[in-house]
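Here the structure is laid out as structure tokens; the discussion comes afterwards.
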Amino acid sequence: MMTSPHERMVPDIEYAIADGERLRLDLYLPETPGPHPVSLWVHGGAWLFGDRFSGATSFVAGLVERGVAIASIDYRLGEAGAFPASVDDVRAAVRWLRANGSEHGLATARIGAWGASAGGHLSLMAALGARGGPPSDRIDVVVDYFGPTDLLARLSRTELEREVLPDPPDARYLRTTVKTLDPDWARAASPLYQRLDQAPPTLIVHGDRDHQIALDQSQRMHQALVAAGRDSQLLVLGGAGHEDLRFQSSWVLDTTAAFLRHHLTGC
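Take any residue in the sequence shown, count from 1 to its spot, add 4: that is its number in the numbering used here.
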């Protein structure tokens, strides 16, 4: 992949092997002297599609130009990545960064996670369920672009709806159907129902015309974080739909980079 004049790339790094699948990441590094603050980029795709190159040209390059190094990761998809496997992959990437990031000029005492759609969900889940270490899989700041936060609500149906509507990808991610859904399992896979009193600073960005992931998913997550006494910011983009080009606007990327830099470096 071509890089911009503001970045250099270390490609195709194996960060873990999970059930025989080799998981890889690409590091995108600013050309300025390090050590650089660093965040994961966790792509979207309904837990079924996409790869670490998704968003690399727009989102990732935009953050690197603004001084934040990015580790763009692959994670298990589909049946192999069903909950909680893909969450475990995100945590494994954090552990790799803590163990190896300094060799690439990264400041790894604090690490961020940034994702879109399913990637936003995975970033939140990994941050809210860190398991320690060493090396630590703690995530110190999260940026969530329009990720689902309450899978139970997304899978709730009336009796008629259960008969006539197709199951959404959330059901496949939970290895279930709307007819056989275990509410406790859906809650276990939902950021909204995790313990929030130790949640890291969180920036949530969502469009008010999103017909795939309702804005209410982000609003309720933000309200729950605030109620738990945590630092949460909600940015609503008027007129923006799911995966809208407005999320690539310079001012949105400025805001994202500033939030990450502030909480990763204090600057």
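Virtual Cβ for every residue (Gly too), placed ideally from N, Cα, C.
Residue i burial status per 10 Å Cβ neighbour count (16 or more: buried)
i: Val209; result: buried
i: Phe251; result: buried
i: Leu249; result: exposed
i: Trp255; result: exposed
i: Met6; result: Confidence is the limiting factor: at Met6 the pLDDT is only 44, short of 50, which leaves the residue's position unreliable and the question unanswerable from this model.
i: His226; result: buried
i: Ile21; result: exposed
i: Ser121; result: buried
i: Thr260; result: buried
i: Phe53; result: exposed
Where the alpha helix (DSSP H) containing residue i begins and where it ends
i: Gln223; result: 219–231
i: Val72; result: Premise fails: Val72 is in no alpha helix (DSSP H) and is neither H nor E.
i: Thr259; result: 254–269
i: Ser62; result: Premise fails: Ser62 is in no alpha helix (DSSP H) and is neither H nor E.
Nearest residue (CA-CA) to residue i, options the options
i: Arg265; options: Asp23, His40, Leu29; result: His40
i: Cys271; options: Val72, Tyr32, Gly133, Ser58; result: Val72
i: Ala131; options: Gly242, Gly245, Val46; result: Val46
i: Ser253; options: Glu163, Arg224, Gly211; result: Gly211
i: Gly116; options: Gly133, Asp144, Ala103; result: Asp144
i: Glu163; options: Glu18, Val64, Thr184; result: Thr184
i: Val42; options: Leu33, Phe87, Thr206; result: Leu33
i: Leu27; options: Ile77, Leu67, Glu35; result: Ile77
i: Ile242; options: Asp214, Ala65, Ala262, Val64; result: The sequence as given places Gly at residue 242; Ile does not occur at that position. Ranking Asp214, Ala65, Ala262, Val64 by Cα distance to Gly242 puts Asp214 first.
Start and end residues, beta strand (DSSP E) containing residue i
i: Trp100; result: Where Trp100 is concerned, there is no enclosing beta strand (DSSP E), although the alpha helix (DSSP H) it sits in stretches over 89–104.
i: His40; result: 40–46
beta-carbon residue i near the ligand SAM non-hydrogen atom, thresh 7 Å
i: Gly133; result: Absence of the ligand SAM is noted for the structure shown, with no ligands found whatsoever.
Next on the checklist: Between the region 159–171 and the region 99–109, can you find at least three pairs of beta-carbon atoms closer than 8 Å?
Outcome noted: no
Item to check | Ranges of the beta strand (DSSP E) found wholly within the region 144–193, counting only runs of at least 3 | outcome: 145–149
Checklist entry - Below 8 Å, can you find three or more Cβ-Cβ pairs linking the region 122–130 to the region 88–104? => result yes
Next on the checklist: Check whether the region 191–207 and the region 150–157 touch, using three or more Cβ-Cβ pairs below 8 Å as the test.
Outcome noted: yes
Next on the checklist: Measuring CB atoms only, is the region 132–147 touching the region 173–187, in the sense that at least three cross pairs come out at less than 8 Å?
Outcome noted: no
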